[in-house]
Amino acid sequence: MQGPADVIALIALVGGAFLCFTAGLGLVRFPDVLTRMHAGTKPQALGVLLIMSGSAIRLQGWSATWMLLLVALFQLLTAPVTAHMISRVAYRRRHVRRDLLMVDELHTGEHSDRLFRGDEPADAPPEEPFRSLRESRDGGSGRGG
Numbered sequence: 007m008q009g010p011a012d013v014i015a016l017i018a019l020v021g022g023a024f025l026c027f028t029a030g031l032g033l034v035r036f037p038d039v040l041t042r043m044h045a046g047t048k049p050q051a052l053g054v055l056l057i058m059s060g061s062a063i064r065l066q067g068w069s070a071t072w073m074l075l076l077v078a079l080f081q082l083l084t085a086p087v088t089a090h091m092i093s094r095v096a097y098r099r100r101h102v103r104r105d106l107l108m109v110d111e112l113h114t115g116e117h118s119d120r121l122f123r124g125d126e127p128a129d130a131p132p133e134e135p136f137r138s139l140r141e142s143r144d145g146g147s148g149r150g151g
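Position in the sequence shown (from 1) plus 6 gives the number in my numbering.
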C-alpha cells in the first residue's frame with residue numbers, strides 16, 4: 007500500500023466483490039423469478055461499477071481507464087434491459103406468482119386466459135380442462151351447455 011488512493015481502491019474492490027457475491031447468493035437462494043432477477047441485476051451492477059472504479063484507481067493508466075469506463079457503461083446499459091426482458095418473459099410464461107404482485111400492470115381483464123387460472127407454466131395443461139373450455143365458449147358466464 008502506498009497511499010490513500012490504494013486504500014480507496016481496496017475499499018471499492020472489496021465492496022464490489024461483496025456485492026457481486028450477494029448477487030450470486032441471491033440467485034441461488036431466492037424462491038421465484040422476479041426476486042432472482044432483482045438479485046441478479048441490482049447489486050451486481052453496482053458491484054461491477056465499484057470493481058471497475060477500484061481497478062481504474064489502482065491501474066492509473068488512461069488506456070485501462072477508458073477500457074474500464076466502456077465496460078461500466080455497457081453494464082449500465084444492458085443490465086436494466088436484460089432484467090426487463092427476463093421479467094416480461096417470465097410473466098408471459100406464467101412463472102410469476104401473481105398473488106404476490108402489488109401492482110399488475112400487464113394484466114388486463116379483456117384478454118384474460120380462461121383455460122389457465124394459476125401460475126402454472128404456459129405449457130402445463132389446465133387443471134379442469136372441460137369446465138374451463140366450456141366457460142371460455144360461453145364467454146365466462148358459467149351458463150353451461
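Using N, Cα and C, we set each Cβ at its ideal position, and we do this for glycine too.
Can you name, in chain order, every residue of its own chain whose Cβ lies under 6 angstroms from the Cβ of residue i, other than the five neighbours on each side?
i: His101; result: Val39
i: Phe36; result: Arg42, Ala45
i: Arg123; result: Caution is warranted here: a pLDDT of 49 is assigned to Arg123, below 50, making its placement in the model unreliable, and no coordinate value can be reported.
Keeping to the same chain, check which residues put their C-beta closer than 8 angstroms to that of residue i; ignore five residues upstream and five downstream.
i: Cys26; result: Pro49, Gln50, Gly53, Val54, Ile57
i: Ile14; result: Gly60, Ile63
i: Ala18; result: Leu56, Ile57, Ser59, Gly60, Ile63
i: Ala70; result: Ser61, Ala62
i: Thr88; result: Thr47
i: Met108; result: none
Under DSSP, the alpha helix (DSSP H) around residue i begins and ends at which residues?
i: Glu94; result: Checking the sequence, you will find Arg at residue 94 rather than Glu. Where Arg94 is concerned, the enclosing alpha helix (DSSP H) stretches over 68-98.
i: His101; result: His101 -> no alpha helix (DSSP H), and no H or E assigned at all.
i: Phe36; result: No alpha helix (DSSP H) holds Phe36; DSSP gives it neither H nor E.
What would DSSP say about residue i, mapped onto helix, strand or coil?
i: Val109; result: coil
i: Gly9; result: coil
i: Gly150; result: For Gly150, the predicted structure reports a pLDDT of 47, less than 50, and the residue's modelled location is therefore unreliable. The matter cannot be settled from this model.
i: Arg123; result: Confidence at Arg123 is low in this model, with a pLDDT of 49, below 50, so the placement of that residue is unreliable and no value is reported for it.
Taking residue i as the reference, which of the options has the closest Cα?
i: Met91; options: Met43, Val34, Ser61, Gly21; result: Met43
i: Leu171; options: Thr47, Ile17, Val20, Phe24; result: A question about residue 171 goes unanswered here, because the residues of the chain that appear run from 7 up to 151.
i: Ala78; options: Gly9, Gln8, Leu31, Gly22; result: Gly22
i: Ala29; options: Leu75, Leu16, Ala85; result: Ala85
i: Ala11; options: Val20, Gln66, Phe24, Leu31; result: Gln66
Taking 6 angstroms as the cut-off, is the C-beta of residue i nearer than that to any heavy atom in the ligand ATP?
i: Val20; result: Within the structure as shown, the ligand ATP is missing, as the structure has no ligands at all.
Less than 7 angstroms between C-beta atoms, sequence neighbours within five positions excluded: which residues of the same chain meet that for residue i?
i: Leu82; result: Ala51
i: Gly106; result: It is worth fixing the name first, because residue 106 is Leu in this sequence and not Gly. Excluding sequence neighbours, Leu106 sits near nothing in its chain.
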